[in-house]
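**Student:** Chains F, D and A are the protein sequences, given in the same order.
Quick note: the first sequence, position 90, residue 682 per the working numbering, numbers continuous.
Quick note: the second sequence, position 260, residue 602 per the working numbering, numbers continuous.
Quick note: the third sequence, position 5, residue 102 per the working numbering, numbers continuous.
Where is the CB? At the ideal position from N, CA and C, for every residue including glycine.
Remember, predicted model here, so these are calculated numbers, not experimental data.
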Amino acid sequence: MGVEGIGARVARKEDRRFVTGAGRYVDDMVVPGMKHAAFVRSPYAHADVKKIDVKAAEAMPGVIAVLTGKQLKGDGIGNLICGWMIHSKDGTPMKMGAWSPLAVDRVRYVGDAVAIVVAETKGQARDAAEAVEVTYREKKAVVDPARALAKGAPQLHPEAEGNLIYDWEIGDGKAVDAAIASAAHVTRLHIVNNRLVPNAIEPRAALGHYDKAEDHFTCWTTSQNPHVARLVMSAFYNVAPENKLRVIAPDVGGGFGSKIFIYPEEIVCLWASKRTGVPVKWVADRTESFMTDAHGRDHVTEVEMAFDKDNRITALKVDTIANFGAYMSLFSSSVPTYLYATLLSGQYNIPAIHANVRAVYTNTSPVDAYRGAGRPEATYVLERTMETAARELGVSPAELRRKNFVTQFPHQTPVIMAYDAGDYAASLDAAMKAADYAGFSERKKAAAKKGKLRGIGMSCYIEACGIAPSAAVGSLGAGVGLWESAEVRVNAVGTIEVLTGSHSHGQGHETTFAQLVAQRLSVPLDTVSIVHGDTDKVQMGMGTYGSRSGAVGMSAVFKALDKVEAKAKKIAAHLMEADEADIVIENGELKVAGTDKKLPWFQVALASYTAHNLPAGMEPGLKETAFYDPSNFTFPAGCYICEVEIDPDTGVTEIVQFVAADDFGNIINPMIVEGQVHGGIAQGIGQALLEGCRYDPASGQLVTASYMDYTMPRADDLPSFKVSTSNTPCPSNPLGIKGCGEAGAIGSPPAVINAVTDAIGDNDLTMPATPLKVWTALKAATRH
Amino acid sequence: MYSLNYHRASSVADAVKLAKKGDDVKYLAGGMTLIPAMKTRLSAPSDLIDLGHIGELKGIKVSGKNVTIGAGTTHAEVAANEKLKAVCPAVSDLAAHIGDPAVRHKGTIGGSIANNDPAADYPAALLALDATVVTNKREIAAAKFFTGLFETALKDGEIVTAVRFTAPAKAGYEKFRNPASRYAMTGVFVAKGKANGKDDVRVAVTGAGENGVFRSKEIEAALSKKFDAAAVEGVKVPSKNLMSDIHASADYRAALVVVMAKRATAKANS
Amino acid sequence: MKRLVSMTVNGEEIELAIPPYRTLLDVLRNEGRLTGTKKGCDVGDCGACTVIMDGSPVNSCLVLGIEAEGATIETIEGQHAGPDLPHLIQEKFMDHGGAQCGFCTPGIIMMTKALLKENPNPTESEVRFAIAGNICRCTGYAKIVDAVLAAAEDLRKGRTL
């Protein structure tokens, strides 16, 4: 590793603009003639729309247009789609209800958009939006997924009888039932995975601009994947053909999954721009974000885990109901199926697994991928069950896990995944050592003397990143491929631009991708620029989610660099009259090994563009492209240990220590990796102790619609973290990278709840384990 | 926000005069509650009269045990005032833990008590300290000033100019923050002062009552016997008339009243 | 009806015509074209819009622009140690990886400046308490806290804010 190459802890190139306030986010954009939009949204969770009267609103000061769903439909704008086909176990395709970008006849959740107002100022647009008179006939709403499945529940979509989207299964049910019937011990749990609101601090925003002269649209949007946005808006929503639509995702203030999806607002802003002839900008306010960003999690699960007399797991049976909200968001169907049930083997050798998943409509915000997407839910089910089993069996939680670890690789699980590499015991040992696990009982005694209840819990997670290869995900129902593209342009003066289909919204790609190039071509980091987030600049790419940018996006850069390097060596060999095989790249120069012959980079680059003296038949230029499709998923894994102290008087949980030992394969920049892990853990601790999205069960109103009611992790809620990494390189990509973006959010919730339940001796606690819940549990325990 | 007229008052008299002109006039102190309420359209005044530049509303005077805090004094100023810290550190401590630094540097004691948010901190202090609220027209005992949720004895156009109290021998404040909003979910101010030459223990609770701040007779009785944290142990506070919401049930709040009272007393004695 | 308001922003006296209901945040971002100050919630709960007004940190979304008549405002754009040289706190945020998506960063840097002016020698828990009004969704705060403590350490070695 050089000082700037792979593995170096270099400061981030993008930070100079971020720390000086020079970052450019969608809300910072100003286009000449730009006007402002506000949406008219349903105040009801479920209602028929009888009439929309826009007259009063149209007459308000500054109003340019008030547009409704009828006009949108009239112009041929299509419904939103879910891009991953799942078939129920009876073979029928999933039941997708229609989702119009502006509701026409029916609204299905609080916040469902029914009209857009375009006005001179944002304030005028909002005032006019309030003046749009919508006549609703309120219907009964249902927010709880189990209740939505019950007979007589309010029906959301005619396409989905009984609100059931699909009833899907994976694994061998008969083998599992047989194993449970003959088990020495069965651990059973009812598990709730609480609904979360992603809460990127930059609210979603869209700026649509139709250029009449060019008959061309530009959309600036808060997207993690601008090319996918363009594809979907063109192919399915009829906004414009791809060659007439440019999508730009500039600096984006956090995504966590919620900015993968194409939402109604960007479609409507583009359409409204053509209708009104002015550029139209919309920026969500925070309550709009709470109401309309796709939420995460929201599973209810029954789990049974069977053991033989030696405490080896013989089977796992899982029955999950997944709340999808009012509409099927873009990748919603994949989250509780292929991103969830396929991870239910965890780090363990489990001979038989069966999972059944029912996806259900309710009158709530759509639910889709949120940091971890399915894998946190799987890990929570498994690691809560393992901890509970250890308690029931009277064995140490570490030893029960260790006994059941997969130790031989490759390992084929009963639920599709083939693990390629890992050393689970190494992470467990590292975490236990860092946490001084052995010293816990002394610490517990000391805490008891202070009147505190101390508990410890662990979680051994595995996850799958960089979903691939495309052919395999296609066979599972994905509507897209999951490769990535890269273009490396060596300029005539030797500086380098890398154009990537990945998108950075906090991950630091402008630094890590440049580190790879600096290492490979032996050039200074400052001479490398990373270009991303603009469909007019960058060829088709798939974007950033699922911790894929390192493993897939950087691998594409790696492949393009292979081609650049090969061509540069050919040119250098030709110019220096040497054998191509003898050319080495060192210190910014191409050298003939064993001689003092050398050419600086820029000279080779320049030669490629002057083309005065190239090898016979060689095309001029030094610019190469690669599309990289990995051969397998990557499998990051690790062990997290959480230690808590609980104040029995108030129910307050303090995390006194949090240890993470992760195996991410090779690491490009340790500072950035640590930051990703910290952020993930903070979101996991948020889920475990603080965050819970709540709807009123009768009215379907969102109760937690602001930071006054939805508890965000703040600086004084969190401890400092002890993080470390080990490395078993990933064999399925050229860089040996596994991905680190979601691990923290996946591994931490069960560690926290295992610690809290250990401290209070009540295993039924649900997330978030708020002071109220912990206090209530302790009080009930003293009554018994 | 709807359109609005803004006036910057130069004195209390000027503010009162300006207030007579508009249809729906609101005084703007720190704006920490009023501005968000205007954004969400819960409040839509025609005229705002900014009290932020009135010199006579600012500052803290301490004379012996007598404390006067100008209504326009920010929480940060209350927290940092050395003279106040010397005679009544409990009030300094309370102010130092209101909201976050941005709120503490803009929000004022006058704005806070005039708004009388049921989860605000100052009302508990004023009630327990038997403080007097001074307005441009009269003086009102704290017990008469806080009349209900977001309601006070203030009449239209009346302005709080100062808060006055006698520093007690001992006082302490402890709150349990709402995990999300960080307002007091239950806050208890205990004070041991003198009334008619006798010891007088007063305990006020904020953040918990359905009708805003109130005195806890149960805790007062226990602490009157002995002003010691241990004396509060095991006291039963009824949950009737306590608020219940997603963050805390009435029973939980009742338990927190006891715990916070215990901790506030320990602070008072430290 | 717009009103003419003058204030000193980052050392420069400016005069702007603004409607009275417009917040300082919107005035800075729109009329002032200083977009470094961010809008995360617009109701004073997230701290992304923190600026320093007359020496004290405020949520600029909770201050009317017109209230700032005659005031001195410091925003992220005004923070630097010299032409093209980052300010001490900015430098430490870069060194320690205190920024990820960058959206909460300007507000946290301004709050840090206010903290270190009041307390140049904060403990970790004092730092955490001081920035508790600033929500960061990316970092888990660990590297932000490292950066603030590192800036404080340099401050004690004689560097200036």
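Taking Cβ positions only, does threonine 416 (chain D) come closer than 9 Å to chain A?
**Tutor:** The count along the second sequence starts at 1 and reaches residue 416 (chain D) at position 74. By this cut-off, threonine 416 (chain D) is an interface position.
**Student:** Among the residues of its own chain, which have a CB less than 7 Å from the CB of valine 726 (chain F), if the five just before and after it don't count?
**Tutor:** The residue labelled residue 726 (chain F) in the question sits at position 134 within the first sequence. The answer, listed in chain order, is Val632, Val641, Ile644, Val706.
**Student:** Looking only at its chain, what residues have a beta carbon closer than 8 Å to the beta carbon of lysine 609 (chain D), apart from the 5 residues adjacent to it on each side?
**Tutor:** Taking the second sequence and counting its residues from 1, one reaches residue 609 (chain D) at position 267. Excluding sequence neighbours, lysine 609 (chain D) sits near Ala432, Asp435, Gly514, Tyr515, Glu516.
**Student:** Any chance you could list the alpha helix (DSSP H) runs of at least 4 consecutive residues sitting entirely within the segment 999-1029 of chain F, in chain order?
**Tutor:** DSSP runs (the alpha helix (DSSP H)) wholly in the segment 999-1029 of chain F: 1016-1026.
**Student:** By the criterion of Cβ-Cβ separation under 7 Å, what are the contact partners of asparagine 791 (chain F) in chain A?
**Tutor:** By 1-based counting over the first sequence, the position of residue 791 (chain F) is 199. Arg234, listed in chain order.
**Student:** Just how far apart, CA to CA, sit arginine 234 (chain A) and leucine 1310 (chain F)?
**Tutor:** Here residue 234 (chain A) refers to the residue found at position 137 when the third sequence is read from its first residue. Here residue 1310 (chain F) refers to the residue found at position 718 when the first sequence is read from its first residue. Approximately 12 Å between the Cα atoms of the pair.
**Student:** Roughly how many angstroms separate the alpha carbons of aspartate 736 (chain F) and alanine 933 (chain F), rounded to a whole number?
**Tutor:** Reading the first sequence from its first residue, position 144 is the one you call residue 736 (chain F). Reading the first sequence from its first residue, position 341 is the one you call residue 933 (chain F). For aspartate 736 (chain F) and alanine 933 (chain F), the distance between alpha carbons rounds to 22 Å.
**Student:** Where in the segment 795-841 of chain F do unbroken runs of the beta strand (DSSP E), each at least 3 residues long, occur, reported from the N-terminal end onward?
**Tutor:** Counting only runs of 3 or more, we get 797-803, 808-813, 837-840.
**Student:** Buried or exposed, going by whether 16 or more other CB atoms sit within 10 Å of the CB of glutamate 1169 (chain F)?
**Tutor:** For the purposes of this step, residue 1169 (chain F) is taken as residue 577 along the first sequence, with counting starting at 1. Flag for glutamate 1169 (chain F) reads exposed.
**Student:** Could you tell me whether the segment 1185-1195 of chain F touches the segment 1004-1022 of chain F, where touching means 3 or more Cβ pairs closer than 8 Å?
**Tutor:** With the cut-off at 8 Å, the segment 1185-1195 of chain F and the segment 1004-1022 of chain F do not touch.
**Student:** Mind checking leucine 101 (chain A): buried by the 16 CB within 10 Å criterion, or exposed?
**Tutor:** Here residue 101 (chain A) refers to the residue found at position 4 when the third sequence is read from its first residue. Exposed: under 16 other Cβ atoms inside 10 Å.
**Student:** Tell me arginine 950 (chain F)'s beta-bridge partners as DSSP assigns them.
**Tutor:** Residue 950 (chain F) sits at position 358 when you count from the first residue of the first sequence. In DSSP, arginine 950 (chain F) forms a bridge with F:Asp759, F:Ile913.
**Student:** Are aspartate 607 (chain F) and glycine 199 (chain A) closer than 9 Å when you measure CB to CB?
**Tutor:** Here residue 607 (chain F) is taken as the residue at index 15 of the first sequence, counted from 1. Here residue 199 (chain A) is taken as the residue at index 102 of the third sequence, counted from 1. The answer is yes: Cβ separation under 9 Å.
**Student:** Could you tell me which chain F residues have their CB closer than 9 Å to the CB of isoleucine 228 (chain A), listed as they occur along the chain?
**Tutor:** Counting from one through the third sequence, the residue named residue 228 (chain A) turns up at place 131. Within chain F, the residues near isoleucine 228 (chain A) are Arg1306, Ala1307, Asp1308.
**Student:** Return helix, strand or coil for leucine 1045 (chain F), following the three-state DSSP convention.
**Tutor:** For the purposes of this step, residue 1045 (chain F) is taken as residue 453 along the first sequence, with counting starting at 1. In the structure shown, leucine 1045 (chain F) sits in a strand (DSSP, three-state: E or B).
**Student:** For alanine 657 (chain F), does the three-state DSSP call read helix, strand or coil?
**Tutor:** The sequence position of residue 657 (chain F) within the first sequence is 65, counting from 1. Three-state result, alanine 657 (chain F): strand.
**Student:** Which residues mark the beginning and the end of the alpha helix (DSSP H) in which threonine 868 (chain F) is found?
**Tutor:** Start at 1 with the first residue of the first sequence, and residue 868 (chain F) comes out as number 276. Run containing threonine 868 (chain F): 856-868, per the alpha helix (DSSP H) assignment.
**Student:** Kindly give me the distance between the Cβ atoms of threonine 410 (chain D) and alanine 504 (chain D), rounded to whole angstroms, as I take these residues to be in contact under 8 Å.
**Tutor:** As a position in the second sequence, residue 410 (chain D) is number 68, starting the count at 1. As a position in the second sequence, residue 504 (chain D) is number 162, starting the count at 1. Rounded, the Cβ-Cβ distance is 5 Å, consistent with contact.
**Student:** Of all Cβ atoms in chain A, is any one closer than 9 Å to the Cβ of arginine 524 (chain D)?
**Tutor:** Taking the second sequence and counting its residues from 1, the one referred to as residue 524 (chain D) is at position 182. Taking Cβ atoms only, chain A reaches closer than 9 Å to arginine 524 (chain D), which makes this a yes.
**Student:** Identify whether glutamine 1249 (chain F) lies in helix, strand or coil by the three-state DSSP scheme.
**Tutor:** Numbered from its first residue, the first sequence carries residue 1249 (chain F) at position 657. Looking at glutamine 1249 (chain F) - three-state DSSP - the assignment turns out to be strand.
**Student:** If you reduce the DSSP assignment to three classes, tell me which class tryptophan 691 (chain F) lands in.
**Tutor:** As a position in the first sequence, residue 691 (chain F) is number 99, starting the count at 1. Tryptophan 691 (chain F) falls in the coil class under three-state DSSP.
**Student:** Do you know how far the Cα of alanine 798 (chain F) is from the Cα of alanine 832 (chain F)?
**Tutor:** If you number the first sequence from 1, residue 832 (chain F) lands on position 240. If you number the first sequence from 1, residue 798 (chain F) lands on position 206. Cα to Cα, the separation comes out at about 16 Å.
**Student:** Going by the CB atoms, is the gap between arginine 838 (chain F) and phenylalanine 809 (chain F) shorter than 9 Å?
**Tutor:** Locating residue 809 (chain F) in the first sequence gives position 217, counting from the first residue. Locating residue 838 (chain F) in the first sequence gives position 246, counting from the first residue. Taking 9 Å as the Cβ cut-off, phenylalanine 809 (chain F) and arginine 838 (chain F) qualify as a contacting pair.
**Student:** What are the residues in the segment 510-536 of chain D lying within 7 Å of chain F by C-beta distance?
**Tutor:** Taking 7 Å as the Cβ-Cβ cut-off against chain F, the residues of the segment 510-536 of chain D that qualify are Phe518, Pro521, Ala522, Ser523.
**Student:** In chain D, which residues lie less than 8 Å from tryptophan 1367 (chain F) when you measure between Cβ atoms?
**Tutor:** Reading the first sequence from its first residue, position 775 is the one you call residue 1367 (chain F). By Cβ distance, chain D contributes Tyr594, Ala597.
**Student:** So, with DSSP's three-state summary, where would you put methionine 207 (chain A)?
**Tutor:** Looking up residue 207 (chain A) in the third sequence gives position 110. Helix, per DSSP.
**Student:** How is cysteine 1231 (chain F) classed by DSSP in three states: helix, strand or coil?
**Tutor:** The residue you call residue 1231 (chain F) lines up with position 639 of the first sequence. Strand.
**Student:** By the criterion of Cβ-Cβ separation under 9 Å, what are the contact partners of proline 378 (chain D) in chain A?
**Tutor:** Reading the second sequence from its first residue, position 36 is the one you call residue 378 (chain D). Correct list: Asp139, Val140, Gly141, Asp142, Cys158, Leu159.
**Student:** With a threshold of 9 Å between beta-carbons, can arginine 100 (chain A) be considered close to chain D, or not?
**Tutor:** To locate residue 100 (chain A), count along the third sequence from 1; it is residue 3. Answer yes: the Cβ-Cβ gap between arginine 100 (chain A) and chain D drops below 9 Å somewhere.
**Student:** Output yes if chain A places a C-beta closer than 9 Å to the C-beta of valine 611 (chain F); else output no.
**Tutor:** Position 19 of the first sequence, counting from 1, holds the residue named residue 611 (chain F). For valine 611 (chain F), the answer is yes, since a Cβ of chain A falls inside 9 Å of its Cβ.
**Student:** Tell me the DSSP bridge mates of phenylalanine 1219 (chain F)?
**Tutor:** Your numbering for residue 1219 (chain F) matches position 627 in the first sequence. In DSSP, phenylalanine 1219 (chain F) forms a bridge with F:Ser1077.
**Student:** What would DSSP say about alanine 1197 (chain F), mapped onto helix, strand or coil?
**Tutor:** Stepping through the first sequence from its first residue, residue 1197 (chain F) is reached at position 605. Helix at alanine 1197 (chain F).
**Student:** Mind pulling the alpha helix (DSSP H) runs of 4 or more residues that sit fully within the segment 536-574 of chain D?
**Tutor:** Runs found: 559-567, 571-574.
**Student:** Expressed to the nearest angstrom, what Euclidean distance is found between the alpha-carbon atoms of isoleucine 1260 (chain F) and glycine 599 (chain F)?
**Tutor:** Along the first sequence, one-based indexing puts residue 1260 (chain F) at 668. Along the first sequence, one-based indexing puts residue 599 (chain F) at 7. When rounded, the distance between both Cα atoms is 4 Å.
**Student:** Please go through the same chain and pick out, in chain order, the residues whose beta-carbon is closer than 6 Å to the beta-carbon of arginine 780 (chain F), but skip the five residues on each side of it.
**Tutor:** Taking the first residue of the first sequence as 1, we reach residue 780 (chain F) at position 188. Correct list, in chain order: Glu896.
**Student:** Taking the alpha helix (DSSP H) that methionine 104 (chain A) falls in, what are its first and last residues?
**Tutor:** One-based indexing of the third sequence puts residue 104 (chain A) at position 7. First-last for methionine 104 (chain A): 100-106, but that is the beta strand (DSSP E), not the alpha helix (DSSP H).
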